[in-house]
Every structure is written in structure tokens, then in C-alpha cells.
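Read through the structure below, which is laid out as C-alpha cells, and then see the notes.
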Amino acid sequence: MTTGPRRLIDTHSFQFAEFGESDVSPPYAILSHRWIEGEEVTFQEFLNPGGREEMKKKSGYRKILRACMKAQNDGINFIWIDTCCIDKGNHDEVARDIKSMYAYYENSVVCYAYLVDVYKWYYGKESSRYREQWRKWMFEDSEWFQRGWTLQELLAPKEVVFFSHKWNKIGTREGLKELICSVTAIPLELLGGKSSLKDFDVKTRMSWAMGRMTTKPPDRAYCLLGILDITVEPDYDEDVETAFRRLQDAFEKAHPGYLDAESHEKSLINSLVYQNVNDRMQTTSRRPRPTGDSVEDRRQYMGMCNLYASYRSFNKRRYLVPSSRDHVA
């Protein structure tokens, strides 16, 4: 039996639909996104009809509503959204969902990746090649590519569709695979569905997680469970070093003899536990380069440089609130 969520949102009634352990989950969409502190709708808030008016003031409510509308338009009656479909006050439920997270995304019909910081498309009078370059900068700079949990949310689903802040469609994982490869270093054949995770050794898979951030330190280990195809019981009272050692032990138990002593200690522990997150962030700070020799090309190039600098400054000011991936209270 495939692993599916036990709680989904009915995209028509906007109510929870509950399923038992032995039930087969109906076809469902799933959302991948950054959490914005103080703006997300919790399980308790969604469950309380009397608090709907207050809940509607949150940007997280509008995000849920738009995701449901997208699913409806795609003919999908249910959707799973982590912010409100997980009861963070229930330890057993949190642990189950953390361990099953990869499977939830893998078994979904489609994943909607909402990039809240891709604020708007550039719509100036410049030629289409400059307009497309502007869009690439915004896409590459999205914090979505710097979060720990979004790695498995990118790779696990059958289909991933990206949306901007205003819910304009950016493209699909297949259509954007060259650009995603340049940002993440994940091979084209994996992004395009020509190969699977099992075709890549553990050191390669772990390298894709370098520099990715999580709000809770142990989540840097837990977000890799599906990537490594192992199970570890989440314990948010432990530190990140302990979490990675348990991750390492679980991998060795599942794949005895796979890791030699050097990769065992350095790749799985030191490289990720003591990583410098600035290394990855610097890779997304791309300065535009001139693409032609004419006076008009150079004029447009200088204009785009100024616009790009303004865009990055705007995004940093707009999203100073730290994103959150708190699966537990």
C-alpha cells in the first residue's frame, strides 16, 4: 500500500477530509513553499470555523485558497499543505508525518512550488532576451532553493509546477531543468526523470544539501530521510550533531558496508553539520554580463544591472522575516 497523508483538504468544501490507517488516499495535490513566521494558518486555526475571519487576514490563508483553486482547475479534489494538515500539538502525528514526508510528495499527483519571493515578472520595453534574463535572476535568487526541506520536495513528486508571488505560472521542473541544474547542481537526468535517486551515491546526494538552511537545527538531518531512503525517529530535543550521527547509523544499518571510514566521518557529519551557509548563498548572487557589442546592447545591459541591483535590494528588505519550517511546537 502506498503511503499517503491521513488528513487532506477538500479543495471544494475547504474542509479537512480524514482517512484511516488502512484507507487508500485519493489522488491529491501537494504544496511546497517557504513558511513565513506569523502568517501561516495552523491546524487548530483551520479547524475552528469561528476564527475564520481572523484567519483570512493572514497571507497563509490566501496561499491555501489559491493552492486549492489551482488543484480544482487541475481536476484534483484534495490537497495536502503541511502548515495546516499537521497537528503540531500531537507528537506521534508529527513524527509520522516527518518520516513519511518524502512519500507524501512522491505519491502526489502534482506538487505546486510557490516561490513567494519571485515577486513579479519584469515587463519593461527591453527585448525579450533581457526580459527572460530578468526572470532567470528572480528564479535563481528564490530562497526556496536554499531551504532544507525543499530538496526532497523538488525531487520526490512526479510533477512539479512553479508559481510566482502572484500565482503566475513560472514553468515545470521538466521545462526549467537546465536552470534548476545551474542553481542546485542536481543532474539533468534526475530532474528530467531519466534516472532515480538510487542511481547516485550518497556523497553526491548529500552534496545537493550543502548550504541549505532549516529553522530547527535537527531538521538539517531529518529533511534528508527520504533522500537517503532511511527512517529515523525525530527528536527535537537533540542537537544537530546527534541527529546526524543517528542519521549516519541508520544509513549504515540499511546499507551495511556502503560508507568507508573517511566518507563516513567527513561527508555525512563535518560537511553538513559545520557547513558555512554563506557558501551557497553566494552562488545565487549572479551579476549580469553583456551579451552584445552594439551601443543599444550596452545601454540595456547597464540598465539591467541597475534593475537587478534594485531587485535584490527590494527582496532583501521585503522578506527580512525569517522563514520557518517548524513541524513541532
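Numbering of the sequence shown is given in my numbering, commencing with residue -12 and proceeding in unit increments. Quick reminder that beta carbons are idealized off the backbone N, C-alpha and C, glycines included. None of the values given here were measured: they were computed from a predicted structure.
Compute the beta-carbon to beta-carbon distance between residue i and residue j, rounded to the nearest angstrom, for a pair I have assumed lies under 8 Å.
| i | j | result |
| --- | --- | --- |
| Arg(-6) | Val103 | Contact flag wrong, Cβ pair sits at about 24 Å. |
Over what stretch of residues does the alpha helix (DSSP H) that includes residue i continue unbroken?
| i | result |
| --- | --- |
| Val147 | No alpha helix (DSSP H) contains Val147, which is instead part of the beta strand (DSSP E) from Val147 to Phe150. |
| Thr159 | Segment Lys156 to Thr159 is the beta strand (DSSP E) holding Thr159; no alpha helix (DSSP H) there. |
| Tyr223 | Element bounds for Tyr223: n/a, residue is neither H nor E. |
| Arg192 | Val189 to Ser194 |
| Tyr89 | His78 to Glu93 |
| Arg39 | Arg39 to Met42 |
| Val206 | Before going further, note that residue 206 is Asp rather than Val in the sequence given. From DSSP, the alpha helix (DSSP H) with Asp206 extends over Asp206 to Tyr209. |
| Leu52 | Ser46 to Asn60 |
| Val170 | Lys164 to Thr171 |
| Leu175 | Leu175 to Leu178 |
Look up residue i in the DSSP assignment and say whether it is helix, strand or coil.
| i | result |
| --- | --- |
| Cys72 | helix |
| Ser19 | strand |
| Phe65 | strand |
| Ile(-4) | strand |
| Arg199 | coil |
If you follow the beta strand (DSSP E) that residue i is part of, which residue opens it and which one closes it?
| i | result |
| --- | --- |
| Tyr101 | Val97 to Tyr101 |
| Ala230 | Looking at the DSSP string, Ala230 is not in any beta strand (DSSP E); the run it does join, the alpha helix (DSSP H), is Val227 to Ala241. |
| Phe3 | Phe3 to Glu5 |
Closer than 7 Å: is that where the CB of residue i sits relative to any heavy atom of the ligand FMN?
| i | result |
| --- | --- |
| Glu41 | Absent from the structure shown: the ligand FMN. Ligands present: none. |
Please report how far the alpha carbon of residue i lies from the alpha carbon of residue j, in whole angstroms.
| i | j | result |
| --- | --- | --- |
| Leu138 | Ala196 | 7 Å |
| Trp98 | Tyr48 | Here the sequence assigns Cys to residue 98, which means Trp is not the residue at that position. Straight-line Cα distance between these residues: approximately 18 Å. |
| Gly38 | Val219 | 36 Å |
| Leu175 | Leu166 | 10 Å |
| Ser151 | Met56 | 15 Å |
| Gln2 | Gly25 | 22 Å |
| Leu184 | Glu41 | 43 Å |
| Glu130 | Arg207 | 16 Å |
| Leu215 | Phe126 | 27 Å |
| Tyr235 | Ala58 | Reading off the sequence, residue 235 comes out as Gln, not Tyr. Approximately 38 Å between the Cα atoms of the pair. |
| Gln31 | Pro13 | 24 Å |
Review point. Contact between the stretch 57 to 67 and the stretch -7 to 11: three or more CB pairs below 8 Å?
Key: yes
Check your understanding: Can you find at least 3 beta carbon pairs, one from the stretch 196 to 216 and one from the stretch 146 to 164, that sit closer than 8 Å?
Key -> no
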